[in-house]
Structures are given as C-alpha cells and as structure tokens.
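K.L.:
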Amino acid sequence: MASVSAVPAPDASAPSLKVSEADCSTNGRAGCISSFKAADSVIELAPRREPKPDLTNLVFGTVFTDHMLTIEWTSSGGWQKPHIGPFRNLSIHPACSALHYAIQLFEGMKAYRGPDNVLRLFRPLLNMKRMLKSAERACLPSFDVEELLECIRRLVQVDQDWVPQSDSASLYIRPTFLGTEPSLGVKKPSRALLYVILSPVGSYFSTGAKPVSLWADPKYIRAWRGGTGDCKLGGNYGASIYPQYEAVDFGCQQVLWLYGEDHQITEVGTMNLFLYWVNEHGEEELATPPLDGVILPGITRQSILELTRKWGVFKVSERYLTMADLRCALKEDRVKEMFGSGTACVVCPVGRVLYQGENLLIPCLGDCPPLASRLLKELTDIQYGRTPNDWAYLV
Ligand SMILES: Cc1ncc(COP(=O)(O)O)c(C=O)c1O
129 MASVSAVPAP DASAPSLKVS EADCSTNGRA GCISSFKAAD SVIELAPRRE PKPDLTNLVF
189 GTVFTDHMLT IEWTSSGGWQ KPHIGPFRNL SIHPACSALH YAIQLFEGMK AYRGPDNVLR
249 LFRPLLNMKR MLKSAERACL PSFDVEELLE CIRRLVQVDQ DWVPQSDSAS LYIRPTFLGT
309 EPSLGVKKPS RALLYVILSP VGSYFSTGAK PVSLWADPKY IRAWRGGTGD CKLGGNYGAS
369 IYPQYEAVDF GCQQVLWLYG EDHQITEVGT MNLFLYWVNE HGEEELATPP LDGVILPGIT
429 RQSILELTRK WGVFKVSERY LTMADLRCAL KEDRVKEMFG SGTACVVCPV GRVLYQGENL
489 LIPCLGDCPP LASRLLKELT DIQYGRTPND WAYLV
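Residues in the sequence shown are numbered consecutively from 129, following our numbering.
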C-alpha cells in the first residue's frame, strides 16, 4: 500500500533564493503570482523500489528512479497540488497539443553527491528561470520558480538513494512542461502538465576527455532571431537530429551550428561554444557568441563567463565569431583552444572542424587543453562540494 508523508523543510543554511518580480519576465501576458505551492505537495511513496543500475555501461536517459513529480494546470481551475508519486506512464489525449504542435519544453540539470555525502544542485534557480521563459514563449502558464525548485528538492530527497556515490556520476533531473489541450485547434492550451523525472547518469568522459570533431555547413540552421532557439523547446531538438546524422555521414561527431551570410559560429551540438585565442587586435581573449536570440543561455556558459572574469587573467568577451575569423586565426597560429560547454559534460574540447571541404585542426594539447581542464576542475569541484561555493544548492 502506498503511503503519504511529508518531507522536511530545507536546511536553513541553504542559500537564499529570493526572486525579484523583475526576474519573472512575463511580457504582461501572465503573472508569476498564481502558482502551485510546494507546501501543498502530496507524496505517495512507490510500493516497491527498482534495483539501482551499474553506472559503468549506462546509456544516457534510459533508467529512471522510483518517483516522479506531476503538477496539472487548467485555465479554469489553475494549478493543482504538486504530486510526488510512483514513476508511471502518462495517459494523454490523442489530440494533445504537445503531440501535434510541439507545445513542449524541458530543462536539464543534475544532483551531485559530494565526498561529505551531501546532495547538491548547481545554480538550479537559473534553470527554473530559463524554464519560466520557455513557458512564456510556448504560451504555457507561469509558475513561481522558487516553488518549483522546492518541489524538485523534495523529489530528489525522496529518491536520494539514486544519486550515485561517485565523484563523476550524478542524477540527471528532467523538468518537462506540456500543453495537454485535448483538441486540434492551434491555440494557447487550456490544460497543461508539468512533470519532473530523474535518471542516474554515469561519467560523461568515462575514459577521460576526448576532443570532438565538428561538421560546419550553413545549409542547416538551428535557430534564428525571432525563433525559439534561445528557449528549451523540444521542437528545437527534434529538428536538429537530421543534421546530426549528416555530420556523422561526413565523419564528424557533432554539428557546429552556423548562422547568417557571414557564417557566424553559434553553438555546437547541444552546447554553447567558446574560443580561446589571440584576437585580431593581439589580445588574449576567451570569446563566446552574445545572447542575441539564437543562443541558448547556458548555465555552464554563464558560470564560465563569471569565473573567468573573476580570474582576470585574459579578456572575456561575448562577441560575434565567424568561420572566416576562425580560419584566419588558425592560419596565423592564434587559436589556443575551442570547447563546448553544457550540463552534460561541463566542457568538451573541440579538435577538428570540417568546413567547406577543409579540415580545420584546433590545437588540443593532451586531449583536454589547459583552460578547458582548469574550468572542468573548478566547476566540478563546486558541483560536488569539494570547493565550498554559494552556487551549490543543498538538497
Ligand atoms: C542548445 C543548447 N545549448 C547550450 C546548452 C548548455 O546549457 P547548460 O549549460 O545550461 O546545460 C544546452 C543544454 O541545455 C543546449 O541544449
């Protein structure tokens, strides 16, 4: 028989996560006041627990924990109580607007177990705010970001045994938000479902960091100004699979997404992109494209910018970079490193770019070059609690 119980309040020493009204940008269409409340959560424990998988050969996103969080919304009744219950299949109307018109969005974040056995999330409020922004773009209802974070904290606490005991594995958290309108009309949904599932993931680089090869061809565009590329809508990702297979056909691992007549470098696969080089003015610079509507505002990207600006050892810029800039800098031996950044890998060195039939070789000393290595270490030390930092949010 399933039981219902309450989860204790968060550790009072956890950092304050107050959100100002200005953070809840809603473009005047929806308020951030009307929301579910974590304190109303109902917890129904699963009658049996699944065995934990062997993390060494785990394929990403194939194994899920015992529980999930679901919160339903209707335009007439508002948000229902958050429910943490056994992991289960969803029952969805065949006309559901998420299935027909891709009214769907998601987030990706992780829970880490430190050597002190404490569970931490990494800057999770930034994921919540990005999710709220995606919801607004998808015409889904708004919610209080702190309340959702607290619901997620409770879910992770219920499934805490699933957070791997490891200094490189983690528990992936997948918040998802669907329009569940049971009609074929192309309109703002009057019903929605927000849910969160959890999946243990092994080490991204099980045999150490390996530089990736990229295929750069302007014929496919991931995002455009006025589009949805700066939000985490599922449709962006479904549409990226075909080019990804073409990259593999050309002997490359991932797509380097270009944009515009001048072939601006935007992102790589599902990561933000950084170029560490001596720029055209002779300055040592770490550069990444600006958030101008075609770039997903990555939490890792923001953290790398903030960390390196604090180091103050080279110029840090959000600026446009084109393939011509890269090709010229390579010819003049000005490129030091190039890497992707994201929650999955933290940083991922780039070793080669195939562009217009030419293989551009990026310097990649010892597979994970010095700047990428330093960032990987500093960020994972914070995530796993080896370096105390207020970016860590205690579960
Ligand atoms: C398109 C895209 N760019 C960048 C990122 C990196 O974002 P983050 O650092 O928040 O994981 C992601 C992953 O969410 C992504 O899907």
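All C-beta atoms, glycine included, are put in the ideal place defined by N, C-alpha and C.
A quick note: this is a predicted structure, and the numbers were derived from the prediction, not measured.
Which value, in whole angstroms, describes the spacing of the CA atoms of residue 510 and residue 519?
P.N.:
Looking at the two C-alpha atoms, the distance is approximately 7 Å.
K.L.:
Beta-carbon separation of residue 193 and residue 326 under 8 Å?
P.N.:
The answer is yes: Cβ separation under 8 Å.
K.L.:
Per DSSP, residue 343 forms a beta bridge with which residues?
P.N.:
For residue 343, which the question treats as bridged, DSSP gives the partners 383 and 482.
K.L.:
Determine the direct distance from the alpha carbon of residue 162 to that of residue 267, and round the result to whole angstroms.
P.N.:
So the two alpha carbons sit approximately 15 Å from each other.
K.L.:
Could you check which residue in 318, 253 and 308 has the C-alpha nearest to that of residue 279?
P.N.:
The option with the nearest alpha carbon to residue 279 is 253.
K.L.:
Over the uninterrupted alpha helix (DSSP H) stretch that includes residue 238, give me the two end residues.
P.N.:
Segment 237-241 is the beta strand (DSSP E) holding residue 238; no alpha helix (DSSP H) there.
K.L.:
Quick one: Cα of residue 339 to Cα of residue 273, how far?
P.N.:
Computed Cα separation, rounded: 36 Å.
K.L.:
Can you tell me the Cα-Cα spacing of residue 208 and residue 164, whole angstroms?
P.N.:
Distance between the alpha carbons of residue 208 and residue 164 is about 6 Å.
K.L.:
Alpha carbon to alpha carbon, how far is residue 238 from residue 441?
P.N.:
Those two C-alpha atoms are separated by around 30 Å.
K.L.:
Output the distance between the C-alpha atoms of residue 388 and residue 350, rounded to the nearest integer angstrom.
P.N.:
Those two C-alpha atoms are separated by around 11 Å.
K.L.:
Does the beta carbon of residue 395 fall short of 7 Å from some heavy atom of ligand 1?
P.N.:
Yes, since a heavy atom of ligand 1 falls inside the 7 Å radius drawn around the Cβ of residue 395.
K.L.:
Nearest-angstrom Cα distance between residue 197 and residue 411?
P.N.:
If I take the Cα positions, the gap works out to 49 Å.
K.L.:
What is the C-beta distance between residue 353 and residue 422, in whole angstroms, given that I count them as a contact (C-beta under 8 Å)?
P.N.:
Their Cβ separation, rounded to whole angstroms, is 6 Å, which keeps residue 353 and residue 422 in contact under 8 Å.
K.L.:
Below 8 Å on the Cβ atoms is my contact criterion, and I expect residue 361 with residue 262 to pass it. Report the Cβ-Cβ distance as a whole number of Å.
P.N.:
Confirmed, Cβ separation roughly 6 Å.
K.L.:
For residue 451, count the other beta carbons within 10 Å of its own beta carbon; 16 or more makes it buried, fewer makes it exposed. Which is it?
P.N.:
By the neighbour-count rule (16 or more Cβ atoms within 10 Å), residue 451 is buried.
K.L.:
Which runs of the alpha helix (DSSP H) fall wholly inside the segment 233-321 and span at least 4 residues, in chain order?
P.N.:
Qualifying alpha helix (DSSP H) stretches, in chain order: 252-265 and 273-286.
K.L.:
Once DSSP output is grouped into helix, strand and coil, what is the label at residue 143?
P.N.:
Any reading at residue 143 is ruled out, since the residue's pLDDT is 38, under 50, leaving its predicted position unreliable.
K.L.:
For residue 226, is the classification buried or exposed, using 16 other Cβ atoms within 10 angstroms of its Cβ as the cut-off for buried?
P.N.:
Its Cβ being crowded by 16 or more others within 10 Å, residue 226 is buried.
K.L.:
Does the Cβ of residue 173 lie closer than 7 Å to at least one heavy atom of ligand 2?
P.N.:
Ligands present in the displayed structure are limited to ligand 1, and ligand 2 is not among them.
K.L.:
So what does DSSP say about residue 214, is it helix, strand or coil?
P.N.:
If DSSP states are grouped into helix, strand and coil, residue 214 belongs with the strands.
K.L.:
Beta carbon of residue 369: closer than 7 Å to some heavy atom of ligand 1?
P.N.:
No, ligand 1 has no heavy atom inside 7 Å of this Cβ.
K.L.:
With H, G and I counted as helix, E and B as strand and the rest as coil, what does DSSP make of residue 323?
P.N.:
Here residue 323 sits in strand by DSSP.
K.L.:
Is residue 393 helix, strand or coil when you go by DSSP?
P.N.:
Here residue 393 sits in strand by DSSP.
K.L.:
What residue range is occupied by the uninterrupted beta strand (DSSP E) comprising residue 400?
P.N.:
Start and end: 399-406.
K.L.:
In chain order, which alpha helix (DSSP H) runs of at least 4 residues are fully inside the segment 409-444?
P.N.:
The segment 409-444 contains these whole alpha helix (DSSP H) runs: 427-439.
K.L.:
Say whether the segment 481-489 touches the segment 372-392, bearing in mind that this needs 3 or more beta-carbon pairs closer than 8 Å, one atom from each stretch.
P.N.:
Yes: at least three Cβ pairs fall under 8 Å.
K.L.:
Taking three-plus beta-carbon pairs below 8 Å as touching, is the segment 452-462 in contact with the segment 485-497?
P.N.:
Cβ pair count under 8 Å is three or more, so yes.
K.L.:
Closer than 7 Å: is that where the CB of residue 488 sits relative to any heavy atom of ligand 1?
P.N.:
No, the Cβ of residue 488 stays beyond 7 Å of every heavy atom of ligand 1.
K.L.:
Are residue 297 and residue 331 touching if we call contact CB-CB under 8 Å?
P.N.:
Yes, these two residues count as a Cβ contact at 8 Å.
K.L.:
Buried or exposed for residue 328, going by 16 or more other Cβ atoms inside 10 Å?
P.N.:
Buried is the call here.
K.L.:
Using 8 Å as the Cβ pair cut-off and three pairs as the minimum, do the segment 300-317 and the segment 172-181 touch?
P.N.:
Short answer: they don't touch.
K.L.:
Compare the C-alpha of residue 306 against each of 347, 346 and 229 and name the closest.
P.N.:
Out of 347, 346 and 229, 229 has the C-alpha closest to the C-alpha of residue 306.
K.L.:
Are the segment 498-518 and the segment 461-477 touching by the rule of at least three beta carbon pairs closer than 8 Å?
P.N.:
The segment 498-518, when compared against the segment 461-477, does touch it at the 8 Å Cβ threshold.
K.L.:
Please report the straight-line C-alpha distance between residue 448 and residue 358, rounded to a whole angstrom.
P.N.:
Answer to the nearest angstrom: the Cα atoms are 16 Å apart.
K.L.:
Quick one: does the C-beta of residue 327 sit closer than 7 Å to a heavy atom of ligand 1?
P.N.:
Residue 327: no, Cβ never under 7 Å from ligand 1.
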